[in-house]
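These protein sequences, in sequence, are chains A and B. Going letter by letter, the first sequence gives residues 19 to 266 in my numbering. Going letter by letter, the second sequence gives residues 19 to 266 in my numbering. Glycine residues also receive a C-beta, built at the ideal position from the N, C-alpha and C atoms.
Number of protein chains: 2
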Amino acid sequence: MTNPLDNIRVVLVGTLYTGNVGSSCRAMANMGIRHLRLAAPNLQNSWEEGERMAVHATDVMESREEFATFEEAVADCVAVVGTTAREGLYRQHVKAPRDCAADILALAAQGPVAIVFGREDKGLLNEEVAQCTHLVRIPVDEGYTSINLSQAVLITCYELFTASGRYEPPHEKAPPAPQAQKMQLMKNWSEMLCEIGFMKPVQAEHFMQGFHRVFSRGVFTRDDAALMLGVARQARWAAAKGGNTENG
Amino acid sequence: MTNPLDNIRVVLVGTLYTGNVGSSCRAMANMGIRHLRLAAPNLQNSWEEGERMAVHATDVMESREEFATFEEAVADCVAVVGTTAREGLYRQHVKAPRDCAADILALAAQGPVAIVFGREDKGLLNEEVAQCTHLVRIPVDEGYTSINLSQAVLITCYELFTASGRYEPPHEKAPPAPQAQKMQLMKNWSEMLCEIGFMKPVQAEHFMQGFHRVFSRGVFTRDDAALMLGVARQARWAAAKGGNTENG
Numbered sequence: 019m020t021n022p023l024d025n026i027r028v029v030l031v032g033t034l035y036t037g038n039v040g041s042s043c044r045a046m047a048n049m050g051i052r053h054l055r056l057a058a059p060n061l062q063n064s065w066e067e068g069e070r071m072a073v074h075a076t077d078v079m080e081s082r083e084e085f086a087t088f089e090e091a092v093a094d095c096v097a098v099v100g101t102t103a104r105e106g107l108y109r110q111h112v113k114a115p116r117d118c119a120a121d122i123l124a125l126a127a128q129g130p131v132a133i134v135f136g137r138e139d140k141g142l143l144n145e146e147v148a149q150c151t152h153l154v155r156i157p158v159d160e161g162y163t164s165i166n167l168s169q170a171v172l173i174t175c176y177e178l179f180t181a182s183g184r185y186e187p188p189h190e191k192a193p194p195a196p197q198a199q200k201m202q203l204m205k206n207w208s209e210m211l212c213e214i215g216f217m218k219p220v221q222a223e224h225f226m227q228g229f230h231r232v233f234s235r236g237v238f239t240r241d242d243a244a245l246m247l248g249v250a251r252q253a254r255w256a257a258a259k260g261g262n263t264e265n266g
Numbered sequence: 019m020t021n022p023l024d025n026i027r028v029v030l031v032g033t034l035y036t037g038n039v040g041s042s043c044r045a046m047a048n049m050g051i052r053h054l055r056l057a058a059p060n061l062q063n064s065w066e067e068g069e070r071m072a073v074h075a076t077d078v079m080e081s082r083e084e085f086a087t088f089e090e091a092v093a094d095c096v097a098v099v100g101t102t103a104r105e106g107l108y109r110q111h112v113k114a115p116r117d118c119a120a121d122i123l124a125l126a127a128q129g130p131v132a133i134v135f136g137r138e139d140k141g142l143l144n145e146e147v148a149q150c151t152h153l154v155r156i157p158v159d160e161g162y163t164s165i166n167l168s169q170a171v172l173i174t175c176y177e178l179f180t181a182s183g184r185y186e187p188p189h190e191k192a193p194p195a196p197q198a199q200k201m202q203l204m205k206n207w208s209e210m211l212c213e214i215g216f217m218k219p220v221q222a223e224h225f226m227q228g229f230h231r232v233f234s235r236g237v238f239t240r241d242d243a244a245l246m247l248g249v250a251r252q253a254r255w256a257a258a259k260g261g262n263t264e265n266g
């Protein structure tokens, strides 16, 4: 089956700084997206900084395609997704990237899809926005809405990557403890806490509610229960060896 | 009511490059998070690059706090969230940032919460990870798992910002067109298409199914319908003026 991320084309339009190109390459590679296009690049500095920022994403950097115009860079694409920070003309149907990631991937399963990022200083021009089939705006705080180019590339690619389902989220390796093991733990701790003199048997019900509360705050795994059972076992052994001193 | 984002403390541990500090300041400001702490910074270059990368997030940069140790930097925090790219010792209960953003904000509603980022070259040390109450790992592609420090800050802050509900996602300003308006549109287009000679009345039912399909692909607003009604009106006027030529 086709991986729709392979059909994503990150298109940087009129980019000024090679460092942003390099950082974008690294961000793309982090998110499993590898095809970069530069449309009418307007680079003001040498590629040295770009290569430094790309770090190990040199394959993304080196396989970039360059086009003289916006139109040529997106000509083969079945959808053209523009990113915009501004409101206004042609920009009313903008969506958050998370809200349209699934739609974009569905189109990318059928052909190349351009995700277009404008110039560092003035973004996409109105005539470029008018050619986009989709528009996205990254959620940002009103206090500082201007986001760095490679940071915008990262968030957009991150939303596509997480929506693609190609990443398995980390999960606790140990299974949750079954109730019988937890009850065994409560019983052993209750006996231990009496034996080491932490509490008297008449206080056990009260105190054990407190320990039950502590052990029930979150997921409690088999490993967690085994660890705490070990504590009870060892404390009982030590107390028996040293002599049991109630409330001592 | 307290904004939990005001209780987030971004803690950079042993950071090497001021550029990453500056980029992190900008990323934080973009996501409404303003309190930066440096723990045992190990900076290898001048603040000039840091200030350049912070751009307009100078207030975040200038109000940063510095601490000699990790322990001091997180001492007042009710939760310490470590970010880690690696698996292994102490790192089994790691979660994706999106999956624990709501829990972190709930804690931040009650007190300062540290979000801790390790060194550019080796991340957090095992003894630092062992002091964290929560661990997060950013979803990345297996092909290139090493994410830039400020990019990691951005994604973590972005997940907290979007989970905070302080951002209203963009939405289409025009309401969807009601069915009656759409049926009026179909009727006017059908009449217009006969009048301009695009189709004969006997073909109308067939062709109009095609136009109905085109106009039903996505949300179709009142403004969209008004625009297409205008086309029909003008075409009929032009056709009447120039003389109606069926299939001409």
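Setting aside the 5 residues that flank it on each side, GLU67/B is surrounded in the same chain by THR36 and GLY37, each with a C-beta closer than 6 angstroms to its C-beta; the list follows chain order. Pairing LEU142/B with VAL131/B gives a Cβ-Cβ distance that is not under 8 angstroms.
ALA72/A sits away from CYS95/A, with the two beta carbons spaced by 8 angstroms or more.
Pairing GLU105/A with GLN221/B, the inter-Cα distance amounts to about 43 angstroms. Distance check between GLU146/A and each of LEU23/A, ILE26/A, LEU30/A and THR20/A places LEU30/A closest, using alpha-carbon atoms only. The continuous stretches of alpha helix (DSSP H) do not include GLY100/A, which lies in the beta strand (DSSP E) extending over residues 97-101. Going by DSSP, HIS53/B is part of the beta strand (DSSP E) stretching over 53-57. With a threshold of 16 other beta carbon atoms within 10 Å, VAL232/A falls short and is exposed. If you check each beta-carbon in the stretch 179-197 of chain A against every beta-carbon of chain B, the ones closer than 8 angstroms belong to PHE179, THR180, ARG184, TYR185, PRO187, PRO188, GLU190, LYS191 and ALA192.
With distances taken between CA atoms, ALA243/A lies nearest to TRP207/A out of MET217/A, TRP207/A and ARG70/A.
Contact between the stretch 155-166 of chain B and the stretch 109-122 of chain B is established, with three or more Cβ pairs separated by less than 8 angstroms. Under the rule that a run must span 4 or more residues, the alpha helix (DSSP H) segments found entirely inside the stretch 171-247 of chain A read 197-213 and 222-233. Judged by DSSP secondary structure, LEU123/A falls within the alpha helix (DSSP H) whose first and last residues are 115-126. Distance from the Cα of PHE225/B is smallest, within the candidate group ALA257/B, GLY183/B, PHE85/B and CYS212/B, for CYS212/B. Runs of alpha helix (DSSP H) with 4 or more residues, each lying fully within the stretch 127-168 of chain A, are found at 144-147, listed in chain order. For MET246/B, there are no C-beta contacts with chain A under 7 angstroms, since the nearest C-beta of that chain is about 16 angstroms from it. Per DSSP, reduced to three states, the secondary structure at LEU23/B is helical.
Pairing GLY228/A with ALA119/B, the inter-Cα distance amounts to about 28 angstroms. If you check the CB distance, PRO59/B and GLY32/B come in under 8 angstroms. Taking a contact to require three or more Cβ pairs closer than 8 angstroms, the stretch 159-172 of chain A and the stretch 185-194 of chain A do not qualify as touching.
Nearest CB-CB separation between LEU172/A and chain B: below the 8 angstroms threshold.
Judged by DSSP in its simplified three-state form, VAL92/A adopts helix. For ALA257/A, the closest C-alpha among the options ARG240/A, GLN197/A, MET210/A and ALA45/A is that of MET210/A.
Proximity of chain A to TYR176/B at the Cβ level (cut-off 7 angstroms) is accounted for by ILE173, in chain order. Distance from the CA of SER64/B to the CA of VAL39/B, rounded to the nearest whole angstrom, comes to 11 angstroms.
Only residues of its own chain outside the window of five on either side were considered, and among them PHE179 have a CB closer than 7 angstroms to the CB of TYR185/B, listed in chain order.
Counting only the Cα atoms, GLN199/A lies some 42 angstroms from GLU138/B. Residue contact with chain A for ARG155/B: present (Cβ-Cβ distance below 8 angstroms to some residue of chain A).
In the assembly as shown, ASN48/A is a buried residue. Its beta-carbon has 16 or more other beta-carbons within 10 Å. If the five residues before and after ALA250/B are omitted, its C-beta is found closer than 8 angstroms to the C-beta atoms of LEU203, ASN206, TRP207, GLU209 and MET210, all from its own chain and listed in chain order.
The criterion of a C-beta distance shorter than 8 angstroms is not satisfied by SER164/A and ASN166/B.
Look at VAL39/A here: in three-state DSSP terms it is helix. In the DSSP assignment, GLU69/A forms no beta bridge with any residue. Relative to GLN62/B, the option among ARG70/B, LEU34/B and PHE88/B whose CA is nearest is LEU34/B. For GLU80/B, the enclosing alpha helix (DSSP H) covers residues 76-80. Closer than 8 angstroms to the CB of MET79/A there is not a single CB belonging to chain B.
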